[in-house]
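Listed in order, the protein sequences are those of chains A and B.
Quick note: the numbering used here has the first sequence finishing at residue 180, numbered continuously throughout.
Quick note: the numbering used here has the second sequence finishing at residue 180, numbered continuously throughout.
Idealized CB from N, CA, C, for every residue including glycine.
Since we're looking at a predicted model, the values are computed, not measured.
Notes for the one structure printed next.
2 protein chains.
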Amino acid sequence: MTAQARRQRDHAERERLIIAAARELAESDGWEGVTTRRLAERVEYSQPVLYTHFAGKDAIMAAVALQGFAELADELRTRSGLAAVAAAYLDFAERSPALYDAMFSRAVDLPFATDETPPALRDGFDQLRRVVGAGEAGDDVLTEVLWSALHGLVTLTRGRRLPRELQEQRLARLVEMFTR
Amino acid sequence: MTAQARRQRDHAERERLIIAAARELAESDGWEGVTTRRLAERVEYSQPVLYTHFAGKDAIMAAVALQGFAELADELRTRSGLAAVAAAYLDFAERSPALYDAMFSRAVDLPFATDETPPALRDGFDQLRRVVGAGEAGDDVLTEVLWSALHGLVTLTRGRRLPRELQEQRLARLVEMFTR
DNA sequence: GCAGCAGATCTAGCACTGCTAGCACACTGG
DNA sequence: CCAGTGTGCTAGCAGTGCTAGATCTGCTGC
Chain A
1 MTAQARRQRD
11 HAERERLIIA
21 AARELAESDG
31 WEGVTTRRLA
41 ERVEYSQPVL
51 YTHFAGKDAI
61 MAAVALQGFA
71 ELADELRTRS
81 GLAAVAAAYL
91 DFAERSPALY
101 DAMFSRAVDL
111 PFATDETPPA
121 LRDGFDQLRR
131 VVGAGEAGDD
141 VLTEVLWSAL
151 HGLVTLTRGR
161 RLPRELQEQR
171 LARLVEMFTR
Chain B
1 MTAQARRQRD
11 HAERERLIIA
21 AARELAESDG
31 WEGVTTRRLA
41 ERVEYSQPVL
51 YTHFAGKDAI
61 MAAVALQGFA
71 ELADELRTRS
81 GLAAVAAAYL
91 DFAERSPALY
101 DAMFSRAVDL
111 PFATDETPPA
121 LRDGFDQLRR
131 VVGAGEAGDD
141 VLTEVLWSAL
151 HGLVTLTRGR
161 RLPRELQEQR
171 LARLVEMFTR
């Protein structure tokens, strides 16, 4: 029994290791640089081991994304006011681009906007809703618009479609529009 | 001379063919479904022929994107008013998802937001600026915010992060914020 | 009209990707 | 100490973008 328990514990520990390694690798080389071989080498196992933990590369990205949802929600929760929360959102995306990609850009097999949506993800959305104007009808729509604008700023900037320079001004304008 | 001229003409013609085939293939199977082999088969040549026209797959995507910029700018130009232009933008993205991806989401080797930015791309941005409120200082920033919001709506919806259903309401809210 | 050259095109292959089948080993329980 | 289970490995499949070298076509000058 203890042997089996230890095995389970080791298994879970190795799973954390894989997720952490994938995240680091993605953050330094981008997700296209995260190959099963490089990842396996990093955790000092052979590739097939990865598949005893995850169904495939997509599932690994989903696991990393899930971590990100929790972290983002936590960071947003500590701020009060629309300006601070929105700035924290952009800052998060800037600080952890690969993590942000896994969460919001990459095609990943997670149930969004349904009943089985992960709590952490729902939590992050709630943080946005909190500062948009509480309680009124149609708030979800307004929150979604805010989210879209923030997400657009992030992706257009990262994709070099928008220069990084004036981002503060854009954020200020956006916040202004939502506070009137 | 005529022989060489004809050869150049044929070459240009085949290049158009490749771009069209890539676009069709991407629109039906997504860009990850556009492989050099499938593309070559479609135009009835071998893969290496593609490399006499383009430096690589990225360059092919860039060529397709360039077409898209021109088409989008044309469509936006025919509308008047913020609501109509914004709706046309979303409609374009909805109708040609792969084209839109090449233009705004995929990592593509095109000079954005610099002096050598393709005229067609600059033109599209000008169409947005036209309806945001003409002439005033800081209009570029405001236009960029609008663009970001539209882009965010497109990508979050396509990535299944937002359900498609309430898109008209989101658009209406967004337009409302920009018209006050 | 023909020889020879030049350039365009193809076949074959490289190094890589995600993923999997099947074997070997080590560790567990008796 | 032995049987059996289950874990992890080696090797390989089918596919990717891209390229080197041979081949073959068609033009050019005699």
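### Message
Distance cutoff 7 Å, beta carbons only. Does LEU184(A) sit that close to anything in chain B?
### Response
Nothing can be reported for residue 184(A): it is not among the residues displayed for chain A, which extend from 1 to 180.
### Task
Please name the residue in ARG42(B), GLU165(B), GLU15(B), ALA87(B) whose C-alpha comes closest to that of LEU25(B).
Closest by C-alpha distance to LEU25(B), out of ARG42(B), GLU165(B), GLU15(B), ALA87(B), is ARG42(B).
### Message
For TYR100(B) and ASP109(A), I'd like the C-alpha separation in whole angstroms.
### Response
Whole-angstrom Cα-Cα distance: 22 Å.
### Message
I want to see whether chain B comes within less than 7 Å of ALA149(A), judged by CB atoms only; does it?
### Response
With 7 Å as the cut-off, ALA149(A) counts as an interface residue toward chain B.
### Task
Quick one: grab the DSSP three-state call for PRO97(B).
DSSP places PRO97(B) in helix when its eight states are reduced to three.
#### Entry: Delimiting residues of the alpha helix (DSSP H) encompassing SER46(B)
DSSP places SER46(B) outside any alpha helix (DSSP H), giving it a letter other than H or E.
### Query
Closest by CA to LEU72(B), which one among GLU116(B), LEU128(B), SER46(B)?
Selection GLU116(B), LEU128(B), SER46(B) evaluated against LEU72(B) yields LEU128(B) as nearest (Cα-Cα).
### Task
Have a look at GLY133(A), THR155(A), ALA21(A) and flag the residue whose alpha-carbon is nearest the alpha-carbon of LEU50(A).
In terms of Cα proximity to LEU50(A), the closest of GLY133(A), THR155(A), ALA21(A) is ALA21(A).
### Message
Any beta carbon from chain B within less than 7 Å of ARG129(A)'s own beta carbon?
### Response
Nearest CB-CB separation between ARG129(A) and chain B: not below the 7 Å threshold.
### Span separating the alpha-carbon of ARG122(A) from that of LEU82(A)
Distance between the alpha carbons of ARG122(A) and LEU82(A) is about 18 Å.
### Message
Please list, in chain order, the residues of the segment 154-178 of chain A that have any C-beta partner in chain B closer than 8 Å.
### Response
Residues passing the 8 Å Cβ filter: THR155, LEU156, GLY159, ARG160, ARG161, LEU162, PRO163, LEU166, GLN169, ARG170, ARG173, LEU174, MET177, PHE178.
### Task
Return yes when the Cβ of ALA93(A) is within less than 7 Å of the Cβ of VAL154(A), no when it is not.
Inclusion of VAL154(A) and ALA93(A) in the CB contact set at 7 Å is warranted, their separation being smaller than that value.
### Message
For PHE69(A), report the span of its alpha helix (DSSP H) as first-last.
### Response
For PHE69(A), the uninterrupted alpha helix (DSSP H) run begins and ends at 57-77, by DSSP.
### Query
Which stretch, first to last residue, makes up the alpha helix (DSSP H) that contains ARG158(B)?
First-last of the alpha helix (DSSP H) with ARG158(B): 139-158.
### Task
Would you kindly work out how many angstroms separate the C-alpha atoms of ARG9(A) and ILE19(A), rounded to a whole number?
CA-to-CA, the gap between ARG9(A) and ILE19(A) works out to about 16 Å.
### Query
Can you tell me whether ARG170(A) is buried or exposed, with buried defined as 16 or more other CB within 10 angstroms of its CB?
It counts as buried.
### Task
Determine the closest residue to LEU17(B) out of ALA55(B), ALA63(B), PRO111(B), THR143(B), with distance taken between C-alpha atoms.
Ranked by Cα distance from LEU17(B), the first of ALA55(B), ALA63(B), PRO111(B), THR143(B) is ALA63(B).
### Message
By the three-class DSSP mapping on this structure, what secondary structure does GLY81(B) have?
### Response
Of the three classes helix, strand and coil, the one that applies to GLY81(B) here is coil, per DSSP.
### Message
Going by DSSP in three states, GLU27(A) sits in which element: helix, strand or coil?
### Response
Of the three classes helix, strand and coil, the one that applies to GLU27(A) here is helix, per DSSP.
### Task
Please say whether VAL141(B) and GLY39(A) have beta carbons closer to each other than 7 Å?
Strictly speaking, residue 39(A) in this sequence is Leu, with Gly absent from that position. Contact: no.
### Any chain B beta carbon closer than 7 Å to GLU144(A)
Taking 7 Å as the threshold, the shortest C-beta distance from GLU144(A) to chain B falls below it.
### Task
Report all residues from its chain with a CB closer than 7 Å to the CB of PRO111(A); omit the five preceding and five following residues, and keep chain order.
So the qualifying residues of the chain are THR117.
#### Entry: Nonlocal neighbours in the same chain, by C-beta distance under 7 Å from LEU66(B), ignoring five residues either side
Counting only residues of its own chain and dropping the five nearest sequence neighbours on each side, LEU66(B) has a CB closer than 7 Å to the CB of PRO118, ALA120.
### Task
Return helix, strand or coil for THR179(A), following the three-state DSSP convention.
Helix.
### Task
Under 6 Å Cβ to Cβ from LEU174(A), same chain only, skipping five residues before and after it: list those, please.
For LEU174(A), where only same-chain residues beyond five positions count, the Cβ hits under 6 Å are ALA149.
### Query
Is the beta carbon of MET61(A) less than 7 Å from the beta carbon of MET177(B)?
Taking 7 Å as the Cβ cut-off, MET61(A) and MET177(B) do not qualify as a contacting pair.
### Query
Going by beta carbon distance, what residues of the same chain come within less than 7 Å of MET103(A), once the five residues before and after it are set aside?
ALA65, GLY68, PHE69.
### Query
Does the Cβ-Cβ distance between GLY152(A) and HIS151(B) come in under 7 Å?
Yes, the Cβ-Cβ distance between GLY152(A) and HIS151(B) is below 7 Å.
### Message
Quick check on HIS11(B): buried or exposed, where buried means 16 or more other Cβ atoms within 10 Å of its Cβ?
### Response
Answer is exposed; the Cβ neighbour count stays below 16.
### Task
Determine the contact status of ARG77(B) and ALA88(B), defining contact as a CB-CB distance below 7 Å.
Going by C-beta atoms, ARG77(B) is not nearer than 7 Å to ALA88(B).
### Message
Our contact map puts TRP31(A) next to ARG130(A) with C-beta atoms below 8 Å; I'd like the distance itself, whole angstroms only.
### Response
The C-beta distance from TRP31(A) to ARG130(A) rounds to 31 Å, too long to meet the 8 Å contact threshold.
### Query
Which stretch, first to last residue, makes up the alpha helix (DSSP H) that contains ALA120(B)?
Segment 119-132, the alpha helix (DSSP H) holding ALA120(B).
### Message
On the CB-based measure, 16 or more other CB atoms within 10 Å of its CB, does MET1(A) come out buried or exposed?
### Response
Because the pLDDT at MET1(A) is just 49, under 50, the model does not fix this residue reliably, and the point stays unresolved.
#### Entry: DSSP-derived helix/strand/coil call for PHE54(A)
DSSP places PHE54(A) in coil when its eight states are reduced to three.
### Spatially closest choice to ASP115(A) from THR157(B), SER96(B), PRO163(B), by CA coordinates
Looking at the Cα atoms, PRO163(B) is the closest of the given residues.
### Query
Does MET1(B) come within less than 7 Å of chain A when only Cβ atoms are used?
For MET1(B), the predicted model reports a pLDDT of 48, less than 50, meaning its position is unreliable; a value from the coordinates is still stated below. Answer no: the Cβ-Cβ gap between MET1(B) and chain A never drops below 7 Å.
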